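To start, the structure under review is shown below, and the notes come after it.
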Amino acid sequence: MSQEKTHGLVYIITEKSPQAQLFADYLHEHTGCTVSIHSPKSSLPTIIPNKLLILIDSDHIGVEELPEWQENLPDNLAKTSLAAFNIRDMDHALEALSCAQLKGVFYRDESLEVICKGIHALLEGELWMSRDLMARLILFYRKYQSNAFRPACGLTNREMEIISLLSAGSSNQQIADKLFVSEHTVKSHLYNIFRKINVHNRIQALNWIHQNLGPILPNIETARSLQRHR
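In the UniProt record's numbering, the protein residues as written are 1 to 230.
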């Protein structure tokens, strides 16, 4: 396979094994990236290059663990592109997208060649998802924008904004930065949201969001980058 080489760094989040090492070696050989394997419970290096992709093995970090795992990333990795691989099907992909701010999704039966192409795209700031998955996300986004999913529990427009950012995996400080408010204000809004939807923590809130609102599109502005032949 002839493949354009990329100067970037890829962290694979999975348990170390001979199979994982073969996967990492293949990605390095065919993308030109520096590829390293990190256990889901290990601390990631905090000195990063301009181009970094974190590739999460969904067999080792499930959708239930994704929000907390992303929340615990170091601050300087908070805006790093995240992608998940070993995704079973579209329903699994939608669950993962509703729990973390993923820019890419690779299904379990995806070829290594497609994964390499996706890594190139993700390191260039694009999204990487199938057309069918993107179509579903755009449908959810349009319904969300038209308030078709607005729950009958008295959430304000600001609280809906915060729920959207929460569902995309943003931390309290990231939400504050995006909305130009203090972190204390965000915490006050979250307290009111939790009370209105009858939950006690972020994990329960994310489950409620998934059940009642569906996944929120992580980056609608770059959706058109997927309108190409894969």
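C-beta atoms are modelled at their ideal positions from N, C-alpha and C, and glycine is treated no differently.
Here the structure is a predicted model, which is why all the values come from computation and not from measurement.
Check: Okay, do the stretch 54-69 and the stretch 126-142 touch, 3+ Cβ pairs below 8 Å being the bar?
Finding: no
Notebook entry, point to check: Hey, how far is the Cα of Ala-20 from the Cα of Thr-14?
Noted result: Walking along the sequence shown from the start, residue 20 turns up at place 20. Walking along the sequence shown from the start, residue 14 turns up at place 14. Between Ala-20 and Thr-14, the C-alpha separation is close to 8 Å.
Checklist line | Identity of the residue in Asn-86, Asn-157, Ser-17 nearest Asn-192 by Cα | finding: For this step, residue 192 is matched to residue 192 along the sequence shown. The option with the nearest alpha carbon to Asn-192 is Asn-157.
Check: Which of the three DSSP states, helix, strand or coil, is assigned to His-189?
Finding: Residue 189 sits at position 189 when you count from the first residue of the sequence shown. It is helical.
Next item on the list: Mind reading off the beta-carbon distance from Thr-34 to Leu-9? Whole number of angstroms is fine, and I expect it under 8 Å.
Entry: Indexing the sequence shown from 1 puts residue 34 at position 34. Indexing the sequence shown from 1 puts residue 9 at position 9. So it is a contact: roughly 5 Å between Cβ atoms.
Next item on the list: Taking Cys-116 and Thr-31 to be in contact with their CB atoms under 8 Å, please state how far apart those CB atoms are, rounded to whole angstroms.
Entry: For this step, residue 116 is matched to residue 116 along the sequence shown. For this step, residue 31 is matched to residue 31 along the sequence shown. At roughly 5 Å, the Cβ-Cβ gap stays under 8 Å, so Cys-116 and Thr-31 are in contact.
Next item on the list: Just the C-alpha distance for Glu-64 and Leu-112, rounded to the nearest angstrom, thanks.
Entry: Numbered from 1 along the sequence shown, position 64 holds the residue referred to as residue 64. Numbered from 1 along the sequence shown, position 112 holds the residue referred to as residue 112. So the two alpha carbons sit approximately 27 Å from each other.
Next item on the list: Report the option in Arg-195, Leu-94, Asp-109, Lys-103 whose CA atom is closest to the CA atom of Trp-128.
Entry: In the sequence shown, the residue the question calls residue 128 occupies position 128. Comparing Cα positions, the closest option is Lys-103.
Note to self: What would DSSP say about Gly-104, mapped onto helix, strand or coil?
What the structure shows: Translated into the one-based positions of the sequence shown, residue 104 becomes position 104. Looking at Gly-104 - three-state DSSP - the assignment turns out to be strand.
Next item on the list: Taking Leu-73 as part of the beta strand (DSSP E), name the residues at either end of that continuous run.
Entry: Counting from 1 along the sequence shown, the entry for residue 73 is found at position 73. Careful: Leu-73 lies outside any beta strand (DSSP E) and carries neither H nor E.
Checklist line | Under the three-state DSSP convention, the category Leu-55 falls into | finding: Residue mapping note: residue 55 aligns to position 55 of the sequence shown, counting from 1. Leu-55 falls in the strand class under three-state DSSP.
Check: If we count Cβ pairs, one from each stretch, closer than 8 Å, do we get three or more for the stretch 50-59 versus the stretch 75-86?
Finding: yes
Next item on the list: Indicate the three-state DSSP secondary structure (helix, strand or coil) for Ser-17 in the structure shown.
Entry: In the sequence shown, the residue the question calls residue 17 occupies position 17. In this structure, Ser-17 counts as coil in the three-state DSSP scheme.
Item checked: Cα-Cα separation, Ala-121 to Glu-110 -> Within the sequence shown, the letter at position 121 stands for residue 121. Within the sequence shown, the letter at position 110 stands for residue 110. If you take the alpha carbons of Ala-121 and Glu-110, they lie about 15 Å apart.
Next item on the list: State the DSSP-derived secondary structure class of Ala-135, mapped to helix, strand or coil.
Entry: What you label residue 135 is simply residue 135 of the sequence shown in a count that begins at 1. Here Ala-135 sits in helix by DSSP.
Notebook entry, point to check: Excluding the five sequence neighbours on either side, which residues of its own chain have a C-beta within less than 8 Å of the C-beta of Asn-201, listed in chain order?
Noted result: Numbered from its first residue, the sequence shown carries residue 201 at position 201. So the qualifying residues of the chain are Phe-194.
Item checked: For Val-10, three-class secondary structure by DSSP -> Here residue 10 is taken as the residue at index 10 of the sequence shown, counted from 1. Strand at Val-10.
Checklist line | Straight-line gap, Ala-168 to Lys-187 (C-alpha atoms, nearest Å) | finding: Counted from its first residue, the sequence shown places residue 168 at position 168. Counted from its first residue, the sequence shown places residue 187 at position 187. Distance between the alpha carbons of Ala-168 and Lys-187 is about 17 Å.
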